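Visitor: As you go down the protein sequences, you meet chains R and H in turn. So the first sequence is numbered by this note's numbering: it starts at 1 and just counts up by one. So the second sequence is numbered by this note's numbering: it starts at 115 and just counts up by one. Structure incoming, see below.
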Amino acid sequence: SQTIHQWPATLVQPVGSPLSLECTVEGTSNPNLYWYRQAAGRGLQLLFYSVGIGQISSEVPQNLSASRPQDRQFILSSKKLLLSDSGFYLCAWSVKAGGPDEQFFGPGTRLTVL
Amino acid sequence: AQRVTQPEKLLSVFKGAPVELKCNYSYSGSPELFWYVQYSRQRLQLLLRHISRESIKGFTADLNKGETSFHLKKPFAQEEDSAMYYCASRARGYNKLIFGAGTRLAVHP
């Protein structure tokens, strides 16, 4: 069966420090991968999605970047964190368009920038 | 551009009362609509999709193209229905989901 992992589960970082959040998927190949930020009162905001290795689409301008070095690995990064980067980050995967339409979400990472 | 609106941040009802969580979408084409749910300490997960016309855990949602709505309904709420509910839309043939802001449903005994 397929599973999706995220780490770390929680992270407290000072302003200006770098960030690296990791997401990996098991039990499937060539998935679409997504990074969302979940903020109170704002719901789920799609940050990045990827349809393949090295292919990243950015949905909103921001202080973050994403990379997909391997088929089932998706990384969210920042060179210098801002206070506004605090939030709950969710990774998700789905099969390609035309297949089952469900997105499967990871457990999330709670990021606090101080 | 696609947009999903959930006008209520919080919906508070008593056990056994009917529930309706509102969702309106804006999209020029013919989107696919979904409801996702996040129970306390659990992952966000799919509840139901309009294309299946299914009832899950007593919940149903009908796509009303005239009103561009996809409201989630349950005739008799249970305490275990307390959760965060997100409405989402997707353009046909695409993978990107656009989520609403979410509605927290609190069912009181």
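By construction, the Cβ of each residue, glycine as well, lies at the ideal position given by its N, Cα and C atoms. Nothing here was measured: the structure is a model prediction, and the numbers come from that model.
Which residues, in chain order, does the stretch 85-96 of chain R contribute to contact with chain H at a C-beta distance below 9 Å?
Guide: Within the stretch 85-96 of chain R, the qualifying residues are L90, A92, S94, V95, K96.
Visitor: Residue range of the beta strand (DSSP E) that G87 of chain R falls in?
Guide: Looking at the DSSP string, the run of the beta strand (DSSP E) that includes G87 of chain R is 87-94.
Visitor: What separation, rounded to the nearest whole angstrom, lies between the Cα atoms of L33 of chain R and S166 of chain H?
Guide: Spanning the two alpha carbons is a distance of roughly 24 Å.
Visitor: Could you compute how far the alpha carbon of R155 of chain H sits from the alpha carbon of G106 of chain R?
Guide: When rounded, the distance between both Cα atoms is 12 Å.
Visitor: What does L177 of chain H touch in chain R if you count any residue whose Cβ is under 7 Å from its own?
Guide: Those do not exist, as L177 of chain H stays about 14 Å from chain R at its closest Cβ, beyond 7 Å.
Visitor: Give the interface partners of Q103 of chain R over in chain H, defined as CB-CB distance under 7 Å, in chain order.
Guide: Chain H residues near Q103 of chain R: L211.
Visitor: Using a C-beta to C-beta distance shorter than 9 Å, which residues of chain H count as neighbours of L46 of chain R?
Guide: Within 9 Å Cβ-Cβ: K210, L211, I212, F213.
Visitor: Identify the contact partners of R163 of chain H in chain R, using a Cβ-Cβ distance below 7 Å as the criterion.
Guide: The contacting residues are D101.
Visitor: So what does DSSP say about E168 of chain H, is it helix, strand or coil?
Guide: Correct three-state label for E168 of chain H: coil.
Visitor: Can you pull the chain R neighbours of E122 of chain H, defined as C-beta to C-beta under 9 Å?
Guide: None at all; the shortest Cβ gap to chain R is about 12 Å.
Visitor: Cβ of L11 of chain R within 7 Å of Cβ of L76 of chain R?
Guide: Not in contact: L11 of chain R and L76 of chain R (Cβ atoms no closer than 7 Å).
Visitor: Chain H partners of N32 of chain R, CB-CB under 8 Å?
Guide: Simply N209.
Visitor: Please name the residue in H:A197, H:T182, H:K210 whose C-alpha comes closest to that of K171 of chain H.
Guide: Per the Cα distances, H:A197.
Visitor: Nearest chain R C-beta to L225 of chain H closer than 7 Å, yes or no?
Guide: Coverage of chain H is limited to positions 115 through 223, which leaves residue 225 of chain H absent and any answer about it impossible.
Visitor: T28 of chain R lies in the beta strand (DSSP E); which residues open and close that run?
Guide: Note, T28 of chain R: premise wrong, no beta strand (DSSP E); not H, not E.
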